[in-house]
Amino acid sequence: PCAGRVTQIFPASHAIGIETAEGLELLIHVGIDTVELKGAGFTRAVEAGAAVSAGDLLLEVDLEAVRAAGKSTVTPVIITNMEKVKELTIHPNAALEAGKTTVAAIKLT
Numbered sequence: 001p002c003a004g005r006v007t008q009i010f011p012a013s014h015a016i017g018i019e020t021a022e023g024l025e026l027l028i029h030v031g032i033d034t035v036e037l038k039g040a041g042f043t044r045a046v047e048a049g050a051a052v053s054a055g056d057l058l059l060e061v062d063l064e065a066v067r068a069a070g071k072s073t074v075t076p077v078i079i080t081n082m083e084k085v086k087e088l089t090i091h092p093n094a095a096l097e098a099g100k101t102t103v104a105a106i107k108l109t
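Counting in the numbering used here, the sequence shown runs from 1 upward without gaps.
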């Protein structure tokens with residue numbers, strides 16, 4: 001979702017942490033309770049330490065396999081250090097296009 005450095009990828013490959021150059025920390029958690037799949041249906045495209053840009057492929061997910069396992073594909077993107085955020089503006093109706101869509105504007109302290 002942004003430029004930064006991959007700080008971690010969870011062993012089940014279902015969640016990725018990214019830190020921006022400004023110090024904002026994001027956690028992308030693909031699906032709900034998908035850790036229980038133990039990596040099935042997930043393929044990493046990057047590793048911890050990699051520099052990434054908005055729109056880069058981070059991982060591939062077999063969404064049908066996730067659904068067939070009874071898991072939700074809702075994917076929260078969580079700011080894990082909100083104390084650095086001065087202002088957050090969400091654009092909830094943005095039509096998503098990788099690398100081109102702004103779904104939130106964030107001003108840091």
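No residue lacks a Cβ here, since even glycine has one placed at the ideal position from N, Cα and C.
Could you tell me which residues DSSP pairs with residue i in its beta bridges?
i	result
Ala104	Ile90
Glu97	BP columns for Glu97 are empty, so no partner.
Ala15	His29
Taking the CB atoms as reference points, tell me whether residue i and residue j lie closer together than 8 Å.
i	j	result
Thr101	Ala95	yes
Lys107	Glu87	yes
Pro1	Val61	no
Val35	Ala12	yes
Leu58	Val46	yes
Ala104	Ala65	no
Identify which residue in the options has its Cα closest to the Cα of residue i.
i	options	result
His14	Thr109, Glu87, Phe42 and Ser53	Phe42
Ile28	Leu37, Lys38 and Phe10	Phe10
Gln8	Arg67, Ala54 and Arg44	Arg44
Glu25	Asn81, Leu57, Leu58 and Gly39	Asn81
Ala48	Glu97, Ala104 and Val6	Val6
Leu63	Ile32, Pro92 and Asp56	Ile32
Thr109	Ala3, Gly23 and Gly4	Gly23
Count the other CB atoms within 10 Å of the CB of residue i; is the residue buried (16 or more) or exposed (fewer)?
i	result
Ile110	This structure does not reach residue 110, given that the chain is present from 1 up to 109, and the question cannot be answered.
Ile18	buried
Thr73	exposed
Thr89	exposed
Lys71	buried
Gly4	buried
Val85	exposed
- Could you name each continuous alpha helix (DSSP H) segment of 4 residues or more that falls completely within the segment 21-78, going from the start of the chain to the end? The segment 21-78 contains these whole alpha helix (DSSP H) runs: 63-68.
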